[in-house]
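Please read the structure below before turning to the comments.
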Amino acid sequence: MTTRRLFEALFAIALLVIAVRHTTDPDLWWHLRTGEYILANGIPRTDVFSFTVPDHRWVTHEWLTQVFMWLVFQAGGLTALMLVFALITALAFWLVYRRCSGRPYLAAFVVLLAAFAAAITWGARPQMFNLLLLGLFLSIVEGVRGGVLSERAFWWLPPLTALWANLHSGYLLGVVLLAVYVVGESVPRWQAGGPALSRAAWRRLLLVTPLSFLAAVLNPNGYHLWIYPFETLGSGAMQSYIVEWRPPDLHVPIFWPFAALLALGVLALILSPRRPELTDLLLFGGTAGAGLLSARHIPLFALAAAPIVCRYLEASLASTRLRGLVKPPPAAKTARALTLLNVLLLIVALGAGLFWIAARIAENDEAIEDDFPVAAVDYLVSAGLDDARGYNSYEWGGYLIWRGFPVYIDGRADVYGDAFMHAYRRAYDARSDWRASLDDFAVQYVLLQEDSPLATVLEESGEWERTYKDSLAVVYERVE
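Residues in the sequence shown are numbered from 317 upward in steps of one, following my numbering.
The structure is reproduced here in structure tokens:
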């Protein structure tokens with residue numbers, strides 16, 4: 317085994333290890349129940365989990381992912397979900413790495429930085445398919461630009477878009493990516509010498525891009541899925557109340573890798589002797605702007621930016637003492653002793669990686685109990701309130717669905733709509749009309765975080781009795 321192959325193997329192990337996450341995404345639970353429901357009853361068109369908005373339209377744009385998640389869970393429980401989605405996530409970044417210049421050393425450094433920037437949203441979530449498909453789209457287009465793939469590879473893009481549209485409504489990211497390449501490659505290049513599409517390949521991509529958009533209609537929701545992403549982006553309640561949709565606070569350490577990748581990319585574009593191409597400027601600037609507007613979009617920037625940053629860093633370092641990071645000298649024949657040492661190092665790395673993954677799996681139940689009201693829900697079941705109407709925290713609605721409770725609200729903000737979301741939040745914040753949100757739906761109990769404003773008001777109202785409390789949650793029942 318050569319040192320280069322060892323390095324790439326260690327890089328792949330690192331990607332997989334950091335991609336293993338606890339199953340603590342609040343939406344995981346209702347995704348699983350939806351997959352179960354679809355297999356038993358078909359795709360729902362209106363809400364089937366709440367007692368508050370059962371007549372509201374539900375565009376189940378993630379239906380295929382939800383079925384996939386349920387089948388994975390049935391096969392291996394939460395552990396299987398952790399591992400399968402870690403593989404999906406790692407594969408997305410590996411695909412991009414394979415299209416980066418400066419492999420293995422420079423590319424691995426940049427892609428790892430991109431992975432840490434994107435890790436804020438990782439987990440067993442349908443959005444991981446957005447990363448995988450976006451990585452695949454980038455891999456195909458960059459492969460054709462670099463001469464690694466034939467332009468015939470573009471014909472894979474429409475069927476992949478149709479698949480994407482059934483996995484998640486983020487399919488539009490792929491269409492926009494293709495449109496950016498079409499626009500960027502349609503004008504004369506500012507400087508020759510870099511990867512570019514031939515005129516024949518550009519014309520084929522020009523044809524494939526609208527075909528890909530049209531292919532997205534091949535889903536159970538039909539043309540409604542063309543409109544749905546814009547409805548989501550236009551939701552004021554989602555922008556206000558869902559943390560992921562807010563701009564990243566660059567003072568918070570979890571966003572520092574994003575800031576570092578952004579700064580590195582800007583410096584690379586400015587200082588590189590190679591003049592920036594329009595395609596690269598559009599991709600880098602557009603995705604960076606999206607990431608600055610919403611933390612949810614940072615992973616998209618990380619994937620799109622990695623090949624661009626590598627391209628311009630490579631040009632900057634090619635004439636410096638660090639050129640070995642860009643173009644390592646041809647590998648000489650590896651001595652037997654070095655080969656054995658490399659194999660030993662790989663075995664040690666695999667062992668360490670497996671130990672880390674096993675530890676994460678072992679901690680998963682505890683992580684769930686730290687984030688979700690497991691004990692409080694056990695109390696509700698023992699008190700016979702599992703069929704009663706309860707007002708619950710938005711973040712815990714998915715877990716209540718998992719436990720078989722009818723919910724007041726859960727993570728499907730698009731189903732509830734802005735008006736309902738605002739009313740829910742007014743009650744949670746204990747504003748003057750908080751009673752209406754409880755009385756209008758004949759709420760019998762309230763399950764909230766112990767330090768929430770509404771819990772404080774209920775404690776003092778005399779109309780509700782606290783019947784359960786732990787370090788995470790509190791339950792109030794209406795006084796008859």
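Cβ coordinates follow ideal geometry from the N, Cα and C atoms, glycine included. It should be emphasised that the depicted structure is a prediction, and the values quoted were computed from it without experimental measurement.
Query	Result
So, under 8 Å CB-CB, Y573 and A433 are touching, yes? Tell me the CB distance rounded to an integer number of Å.	Strictly speaking, residue 573 in this sequence is Pro, with Tyr absent from that position. With a Cβ gap of about 4 Å, P573 and A433 count as contacting.
Less than 8 Å between the CB atoms is what I'm expecting for Q760 and R794, so what's the real figure, rounded?	6 Å
First and last residue of the alpha helix (DSSP H) that includes V731?	A729 to Y744
Using the three-state DSSP reduction, which class does T362 fall into: helix, strand or coil?	strand
Alpha carbon to alpha carbon, what distance is there between A512 and W506?	Interpretation of W506 is limited by its pLDDT of 45, a score under 50 that renders its predicted location unreliable; no figure is taken from the coordinates.
What residue ranges within the region 699-726 form continuous beta strand (DSSP E) runs of no fewer than 3 residues, ordered along the chain?	706-708
Please work out which residues of its chain come closer than 7 Å, Cβ to Cβ, to L448, disregarding the five sequence neighbours upstream and downstream, and give them in chain order.	I404, L407 and A408
Using beta-carbon positions only, say whether V762 and N708 come within less than 9 Å of one another.	yes
Check whether the region 783-791 touches the region 688-707, taking contact to mean three or more Cβ pairs, one atom from each stretch, closer than 8 Å.	yes
Alpha carbon to alpha carbon, how far is E679 from T636? Give it in angstroms, no decimals.	46 Å
Just verifying my parser: in three-state terms, what is the DSSP assignment at E781?	strand
For the region 488-555, which segments carrying the alpha helix (DSSP H) assignment without a break, of at least 4 residues, lie completely within its bounds, in sequence order?	515-531 and 540-549
Taking only the alpha-carbon atoms, compute the straight-line gap between A508 and S514 and give it to the nearest angstrom.	Any answer about A508 is weak, because its pLDDT of 47 lies below 50 and its placement is not dependable; what the coordinates show is given next. Using only the alpha carbons, I get a separation of about 12 Å.
Quick one: what does DSSP say A789 is sitting in, helix, strand or coil?	strand
Is the region 456-473 in contact with the region 429-446, if contact means three or more CB pairs nearer than 8 Å?	no
For the region 728-738 and the region 360-372, state whether three or more C-beta atom pairs, one from each stretch, are separated by less than 8 Å.	yes
Which value, in whole angstroms, describes the spacing of the CA atoms of L609 and V625?	21 Å
Select from V426, L326 and A653 the residue whose C-alpha is nearest the C-alpha of A621.	V426
Would you mind sorting A391 into buried or exposed? The rule is 16 or more other CB atoms within 10 Å of its CB.	exposed
Tell me the residue span of the alpha helix (DSSP H) that contains V333.	T319 to A335
According to DSSP, what are the bridge partners of Y761?	G706 and E793
With a threshold of 8 Å (Cβ to nearest heavy atom), would L770 be considered close to the ligand NAD?	As presented, the structure is devoid of all ligands, the ligand NAD included, so that no description of it is given.
Checking 9 Å against the spacing of the C-beta atoms, do T339 and A683 come in under that value?	yes
Does the beta-carbon of P475 have 16 or more other beta-carbons within 10 angstroms, so that it is buried, or is it exposed?	exposed
Hey, is the region 713-728 in contact with the region 333-347, meaning 3+ C-beta pairs nearer than 8 Å?	yes
How many angstroms separate the CA atom of A631 from the CA atom of L657?	33 Å
Could you tell me which of L660, P623 and A789 sits nearest to G418, measuring between CA atoms?	P623
Go ahead and label L355 buried or exposed: buried means 16 or more other beta carbons lie within 10 angstroms of its beta carbon, across all protein chains shown.	exposed
Is the beta carbon of T350 sitting closer than 9 Å to the one on N537?	no
With 16 as the cutoff for other CB atoms within 10 Å, does Y539 come out buried or exposed?	exposed
Please state the DSSP three-state secondary structure of R259.	Missing from the structure shown is residue 259; the chain here goes from 317 to 796 and no further.
Would a C-beta distance cut-off of 9 Å place L450 and G486 closer than the cut-off?	yes
Just mark I614 as buried or exposed, buried being the case when its beta carbon has 16 or more other beta carbons within 10 Å.	buried
To the nearest angstrom, how far is the alpha carbon of W471 from that of V333?	34 Å
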